[in-house]
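**Q** Let me give you the structure first, and then I'll get to my questions.
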Amino acid sequence: MLNAARLFAVAALALGVAAAAPAPLAFVPAAFAHGMSQHTMWRSSQLVGTPVFNDQHQQIGTVTDVLVSPAGTSAEAVLSVGGFVGGRKLVAVPLAHLAMMTGHNTMMMHGATKAMLQALPPYVGGGSG
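The following block contains the structure:
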């Protein structure tokens, strides 16, 4: 009888622990589902300081920060644009608009010009970081 009580207690404990265990994540990022590994991703620390060029091979800015939404559904790059005469200005652009030029440690923003970036509203900081 004592063994049956122990068996019942162990079974109840096992069921209780199993019920308390977190459910496996149903969400698998598309990048990993399609075989992308961490080796093909960029760390934000690798992006900060990276010069940004346009299609005419003109440097139009430098990445100064990377912002990610709380849900992780969107990301922006903060660029330092401008020069000595016009003064430096920080602007935020969708990170998806930038392409990393592998092997060159630079980024490309197709179709962009210095004037277009200067016309953007200034990034004034904020966030919780």
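Position one of the sequence shown corresponds to residue 349 (the numbering used here), numbered consecutively onward.
Each residue gets a CB set at the ideal place from its N, CA and C atoms; glycine is no exception.
Kindly confirm or deny that the segment 444-452 and the segment 463-475 touch, where touching means at least three C-beta pairs closer than 8 Å.
**A** Segments in contact, no.
**Q** I'd like the list of long-range same chain contacts for P399, defined as Cβ closer than 6 Å, with 5 residues on each side in sequence excluded.
**A** Counting from 1 along the sequence shown, the entry for residue 399 is found at position 51. For P399, where only same-chain residues beyond five positions count, the Cβ hits under 6 Å are Q407, T410 and T454.
**Q** Within its chain, find whatever has a CB closer than 7 Å to the CB of D403; leave out the 5 residues flanking it on each side and keep chain order.
**A** Mapped onto the sequence shown, residue 403 falls at position 55. Closer than 7 Å at the Cβ level, and outside the excluded window around D403, lie H458 and G459.
**Q** Could you have a look at Q466 and say whether DSSP puts it in helix, strand or coil?
**A** As a first step, residue 466 must be located in the sequence shown, where it is residue number 118. Helix.
**Q** Please confirm whether any heavy atom of the ligand SAM lies closer than 7 Å to the CB of G451.
**A** Ligands displayed in this structure: none; no statement on the ligand SAM is therefore possible.
**Q** Distance, Cα to Cα, A419 vs T461?
**A** Within the sequence shown, residue 419 is the residue found at index 71, counting from 1. Within the sequence shown, residue 461 is the residue found at index 113, counting from 1. When rounded, the distance between both Cα atoms is 31 Å.
**Q** Hey, would you say V439 sits closer than 8 Å to L468, going by beta carbons?
**A** Here residue 439 refers to the residue found at position 91 of the sequence shown. Here residue 468 refers to the residue found at position 120 of the sequence shown. A contact, by the Cβ cut-off of 8 Å.
**Q** Are the beta-carbon atoms belonging to V429 and K437 less than 8 Å from one another?
**A** Here residue 429 corresponds to residue number 81 of the sequence shown, with the count starting at 1. Here residue 437 corresponds to residue number 89 of the sequence shown, with the count starting at 1. Yes, the pair counts as a contact, with Cβ atoms nearer than the cut-off.
**Q** If you drop the 5 nearest sequence neighbours on each side, which residues of the same chain put their C-beta closer than 7 Å to that of V416?
**A** Residue mapping note: residue 416 aligns to position 68 of the sequence shown, counting from 1. Same-chain partners within the cutoff: A423.
**Q** When you compare each of G431, S393 and G397 to L465 by their alpha carbons, which one comes out closest?
**A** In the sequence shown, counting from the first residue as 1, residue 465 sits at position 117. For the residues G431, S393 and G397, the minimum Cα distance to L465 belongs to G431.
**Q** What is the residue span of the alpha helix (DSSP H) that Q394 lies within?
**A** Mapped onto the sequence shown, residue 394 falls at position 46. It spans S392 to L395 - the alpha helix (DSSP H) in which Q394 sits, taken as one unbroken run.
**Q** Quick check on DSSP: helix, strand or coil for A444?
**A** Stepping through the sequence shown from its first residue, residue 444 is reached at position 96. Note: A444 maps to helix in three-state DSSP.
**Q** Which of helix, strand or coil does DSSP assign to M449?
**A** As a position in the sequence shown, residue 449 is number 101, starting the count at 1. M449 falls in the strand class under three-state DSSP.
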